[in-house]
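Chemist: What follows is a structure written as structure tokens; I'll ask about it next.
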Amino acid sequence: MKLKDYMVQDGTSFRLKDHPQRVEDPFESREAAQAEMQKNLEELQELQAKLYAQNRWSLLLVIQAMDAAGKDGLIKHVMSGVNPQGCQVASFKQPSLEERDHDYLWRIAKRLPERGNIGIFNRSYYEDVLVVRVHNLLNHSQLPPSVLGDDIWQRRFSQIRHFERYLVENGILPIKIFLNVSKEEQRRRFLDRIDDPTKNWKFSCADIREREYWDDYMHAYEEAIANTATKAAPWHVIPADRKWFARLLTSEILVETLKSLDLSYPKLPKEELEELARAKESLLAQGRTEHARESKK
Ligand code: ATP
Ligand code: MG
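In our numbering, the protein residues as written are 20 to 316.
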């Protein structure tokens, strides 16, 4: 699996149609794929422990996708091995009244991961150039008319590029994932949600209405990715018609990103090491006294 094939670092000639929603199975068997996933999850666990201990970098996994593309399952499976203490998930829905009274990055800034943590954004500030664009929601917002011209999206793309550069320069590394699911696969998954009573809760009639805007969404996604894929904050356009493949690829991306950092357990300064040695000596001495007392009884 070559990660580079799915990574977009320069969006200038980006076209969604060049990116498959389904790829040939690169594995000999399902077991081979599962073994690879298991290996990644174990590696992820070790790397996360170092990330947390070092307390310098944080990762921000930004997940964007159409409904039923598999965001929730991806989060559940890929993060299954990591220590919940070093992990923070934020889901961004329709903004509240309070959120609407602020700029669109306000609610985002509040949920950025702490140093040493992995943050996961289930939807993100990209909604403000996706759903907001598709449904023309800006007209009803309270932005000053002078910024509401035709160039509003280019303006926002530029704001996002700057924001992501700001994150990187502050030790927060965005990993942007677009789960590229096909319209046909979405149809199948919706049907499955309707037919399976344990999945009924996942289905909402609003999803069917959004599906009617599929082409508008694809156009908005294409423009968003083309304008915000940079070397500092690349996009990963992941074939999502097969859930296990999307999960495996994402786990691989996380592992590779973490490996590219200079992660290590913090080394204590000399004085603190000496203090540790004294503490050890004292604990051992206590043990000897205890042992001597026990054997006298
Ligand atoms: P699931 O359906 O799996 O529970 P979800 O992310 O689709 O997950 P929903 O509650 O169904 O969650 O939908 C959230 C909705 O909020 C999405 O349709 C999304 O487009 C919308 N949303 C998110 N951010 C904004 C925003 N800034 N402005 C308007 N709508 C937004
Ligand atoms: Mg939904």
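Beta carbons: idealized from backbone N, C-alpha and C, even for Gly.
Measuring from the CB of D226, is there a heavy atom of the ligand MG at a distance below 7 Å?
Modeler: yes
Chemist: Considering just the uninterrupted stretch of the alpha helix (DSSP H) at W263, what are its terminal residues?
Modeler: 262-278
Chemist: Report yes if the CB atom of I82 is closer than 8 Å to the CB atom of F176, and no otherwise.
Modeler: Their beta carbons are not under 8 Å apart, which means I82 does not touch F176 by this criterion.
Chemist: With a threshold of 7 Å (Cβ to nearest heavy atom), would S143 be considered close to the ligand FAD?
Modeler: Questions concerning the ligand FAD fall outside what the structure shown contains, since the ligands it does hold are the ligand ATP and the ligand MG.
Chemist: Tell me which residues share the same chain as D29 and place their Cβ nearer than 8 Å to its Cβ, disregarding the 5 neighbours each side in the sequence.
Modeler: A248, T249, K250
Chemist: In whole angstroms, give me the CA-to-CA distance for R307 and K299.
Modeler: 12 Å
Chemist: Okay, do the region 88-100 and the region 228-245 touch, 3+ Cβ pairs below 8 Å being the bar?
Modeler: no
Chemist: Please report the Cβ distance between I257 and Y25, rounded to the nearest whole angstrom; I am assuming they are in contact, meaning their Cβ atoms lie under 8 Å.
Modeler: 6 Å
Chemist: Just to confirm the assignment, what range does the beta strand (DSSP E) spanning Q83 have?
Modeler: Unbroken beta strand (DSSP E) run through Q83: 77-84.
Chemist: Going by C-alpha distance, which of L78, L131, D215, P132 is nearest I194?
Modeler: L78
Chemist: Residue range of the alpha helix (DSSP H) that V60 falls in?
Modeler: Residue identity check: residue 60 is Leu in the sequence provided, not Val. Run containing L60: 49-73, per the alpha helix (DSSP H) assignment.
Chemist: Between I137, Y145, N136, which lies nearest to R126 when the distance is taken from Cα to Cα?
Modeler: Ranking I137, Y145, N136 by Cα distance to R126 puts Y145 first.
Chemist: Which residue from E293, H154, R75, A88 puts its Cα closest to that of Q113?
Modeler: H154
Chemist: Between L35, Y185, A128, K23, which has its C-alpha nearest D234's C-alpha?
Modeler: L35
Chemist: Looking only at its chain, what residues have a beta carbon closer than 8 Å to the beta carbon of I213, apart from the 5 residues adjacent to it on each side?
Modeler: N219, F222
Chemist: Label N59 either buried or exposed according to how many other C-beta atoms from any shown protein chain fall within 10 Å of its C-beta, with 16 as the threshold for buried.
Modeler: buried
Chemist: Using only the alpha-carbon positions, how far apart do Q40 and V101 sit?
Modeler: 28 Å
Chemist: Going by beta-carbon coordinates alone, are Y284 and K69 separated by less than 8 Å?
Modeler: yes
Chemist: If I follow the unbroken alpha helix (DSSP H) through F182, where does it start and stop?
Modeler: 171-188
Chemist: Only counting the same chain, and skipping five residues up and downstream in sequence, which positions put a Cβ closer than 6 Å to that of A239?
Modeler: L149, R152, V153
Chemist: Look up G306 in the DSSP assignment and say whether it is helix, strand or coil.
Modeler: helix
Chemist: For H255, write down the residues that DSSP places opposite it in a beta bridge.
Modeler: M26, I196
Chemist: Return the chain-ordered ranges of every alpha helix (DSSP H) run that is complete within the region 106-151 and spans a minimum of 4 residues.
Modeler: 116-119, 125-129
Chemist: How is the alpha helix (DSSP H) around E241 delimited, first residue to last?
Modeler: 233-247
Chemist: Taking 7 Å as the cut-off, is the C-beta of K221 nearer than that to any heavy atom in the ligand ATP?
Modeler: yes
Chemist: Looking at M85 and V274, is the spacing between their C-beta atoms short of 8 Å?
Modeler: no
Chemist: Going by DSSP, which residues form a beta bridge with I191?
Modeler: S77
Chemist: Closer than 7 Å to a non-hydrogen atom of the ligand ATP - does that hold for the CB of S110?
Modeler: Result yes, Cβ under 7 Å from the ligand ATP.
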